[in-house]
Structure formats: C-alpha cells, structure tokens
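In what follows, a structure is listed as structure tokens, so that the remarks can point back to it.
Residue numbers (this note's numbering): 56 to 142.
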C-alpha cells in the first residue's frame, strides 16, 4: 500500500494534467500524494530523515555503491527487525 508519494519539480504542464488525473483517484489515495514544484526540500525533510534522503534531493545520503543512491538497495526492507516482523 502507498504511504506517501512525492512528485517533485512538477512543471506547469504536469500540474494541468494532474488536475484531470486526480478526478479518477480515490480520496484516500489523493491524500497521500503531494505534488511539489522546485521548492521541495523542506517538504521532503519533514517526511524523510536527511540521512536517508539522497544528496541530489537535498539530503545527506551519499551511498557508496556503484551508481550511488539510485542503484542502492538501502531501505527499511533490509532492516533485520522489520524483516522479522514481516515473517
């Protein structure tokens, strides 16, 4: 299930399209989606710890894997405690 979705750097064209798309989405789903323009950093920091947010999105994370954060498998799905809860 979707917890939150951030669409960042949304331009004017997307915002026009978004007005049409949102009519087809459930209200609960819409409440989880935030469309942000170029001033998105503070909104992301409110929801995501800076140490978990890639530096190219305004956070402090710089993954050491080849390709950096985009190709990293870092995430809560690798946390042993969370894996245990899901079993």
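Note that CB positions come from ideal geometry on N, CA and C, so glycine has one too.
- Less than 7 Å separates the beta-carbon of residue 99 from that of residue 108.
- In the DSSP assignment, residue 61 falls within the beta strand (DSSP E) that extends over 60-62.
- For residue 89, the uninterrupted beta strand (DSSP E) segment begins and ends at 88-90.
- The beta-bridge partner set that DSSP reports for residue 109 consists of 116.
- Remark: C-beta atoms of residue 106 and residue 115 approach each other more closely than 7 Å.
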